[in-house]
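Numbering (our numbering), first residue to last: 2 to 240. Shown next, in structure tokens, is the structure this report addresses.
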Amino acid sequence: MTLRALLFGSIGAVVETSERQREAFNTAFRQFDVDLFWDQDTYQRLLQQPGGRRRIAEALANANVDADDGLVDAIYNKKTSLFLSTLRAGVEARPGVVNLLEQAGQAGLAVGFASGTDRRVVDAVIEGAVGVNAAQFDLILSGTDAKNAKPDPEIYRFALSQLDLEPTECVAIEDTVASGRAAMAAGIPVLFTPGALTEGDDWSSVEGQIASLETLGIGPNAITALQIWHADQLNQKAA
């Protein structure tokens with residue numbers, strides 16, 4: 002099956018955001034007088050399950066904080082506002098991303114964004130990442146486009162229907178195990194590119210290659226290398 006599309010599944014696959022988000026969460030907690038602080042180890046563990054609101058709600062419950070949905074939403078919206086301001090100031094794309102996007106366009110591949118994140122954050126990442134722009138994407142999906150969060154495959158299945166593609170005609174690029182499982186459940190080969198706070202996770206349960214886009218995305222033949230990798234993945238499954 003010919004490779005016809007790249008699907009970036011997380012903002013962390015495009016830019017390194019985990020530390021900025023952790024700091025934004027902690028600032029939001031302070032501003033609402035909530036006695037919570039997430040250090041790097043704690044936040045690394047929390048990243049194993051997608052969903053900022055869910056992380057806040059569970060953390061408040063575990064800390065015996067009497068909180069309703071209003072407080073959860075208020076903290077989440079403050080965190081998002083703080084995080085957006087850092088993105089709009091500009092952020093470097095992860096190594097290999099800009100080159101891969103440019104070559105995908107030249108090769109006629111469709112490019113999609115299938116993130117479960119807040120649409121405001123997705124747009125800010127695309128606008129703020131140096132060398133990346135919305136015109137490079139044929140489809141941009143966010144958390145409002147799926148009822149079920151990853152690792153449920155709903156958003157990937159919706160992306161496939163919108164692009165009118167088969168799962169085996171795509172490669173998903175993800176930076177966490179949980180999000181990658183969503184792509185695998187949709188039948189899409191996954192290239193995992195762990196970020197600074199996810200490279201130490203347990204990757205033993207995933208099927209896709211674990212690599213930096215830098216190994217594929219820098220140089221004149223990134224798409225050719227990705228096409229070869231994609232074909233190898235399909236051949237391994239067929240064997």
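Ideal Cβ placement from N, Cα and C applies to all residues, glycine included.
In this structure, what does DSSP give as the bridge partners for residue i?
i: I141; result: F114
i: E93; result: V131
i: A179; result: Its beta-bridge partners do not exist; DSSP assigns none.
i: L8; result: G113 and A173
Give me, in chain order, the residues of the same chain whose beta-carbon lies closer than 7 Å to that of residue i; leave out the 5 immediate sequence neighbours on both sides.
i: A60; result: L37
i: Q32; result: K79
i: F26; result: W39 and K80
i: Y77; result: G53, R54 and I57
i: L85; result: R121, V122 and A125
i: A130; result: V15, V16, V92 and A94
i: G196; result: G13, E17, S19 and D176
i: A226; result: L217
i: L83; result: A25, T28 and A29
Please state the DSSP three-state secondary structure of residue i.
i: I174; result: strand
i: V191; result: strand
i: V133; result: coil
i: F247; result: Because the chain spans 2 through 240 in this model, residue 247 falls outside it and cannot be assessed.
i: L61; result: helix
i: E17; result: coil
i: A239; result: helix
i: F38; result: coil
i: L214; result: coil
i: F159; result: helix
i: F26; result: helix
i: L72; result: helix
i: M2; result: coil
i: E167; result: coil
i: V66; result: coil
i: Q49; result: coil
i: K79; result: helix
i: D146; result: helix
i: N100; result: helix
i: D233; result: helix
i: D124; result: helix
i: G106; result: helix
i: A186; result: helix
Tell me which residues share the same chain as residue i and place their Cβ nearer than 8 Å to its Cβ, disregarding the 5 neighbours each side in the sequence.
i: M2; result: E167, T169, E170 and L235
i: L110; result: L4, R5, A6, L7 and I224
i: S180; result: G10, S11, P51, G117, K151 and P152
i: A108; result: I224
For residue i and residue j, which I take to be in contact (beta-carbon distance under 8 Å), what is that distance rounded to the nearest angstrom?
i: Q228; j: L8; result: Rounded, the Cβ-Cβ distance is 15 Å, inconsistent with contact.
i: F253; j: A147; result: In the structure as shown, the chain begins at 2 and stops at 240. Residue 253 is therefore absent and cannot be evaluated.
i: R95; j: E128; result: No, R95 and E128 are not in contact; Cβ-Cβ is about 16 Å, not under 8 Å.
i: A14; j: I189; result: Going by Cβ atoms, the distance from A14 to I189 rounds to 14 Å, so no, they are not a contact pair.
i: V98; j: V133; result: 7 Å
i: L101; j: L217; result: 7 Å
i: V66; j: V35; result: 6 Å
i: Q41; j: R23; result: 7 Å
Among residues of its own chain, excluding the 5 on either side of residue i, which ones have a beta-carbon nearer than 6 Å to its beta-carbon?
i: A187; result: P154, Y157, R158 and P168
i: F114; result: F9, F138 and I141
i: R322; result: Residue 322 is absent from the structure shown; the chain starts at 2 and stops at 240.
i: K238; result: none
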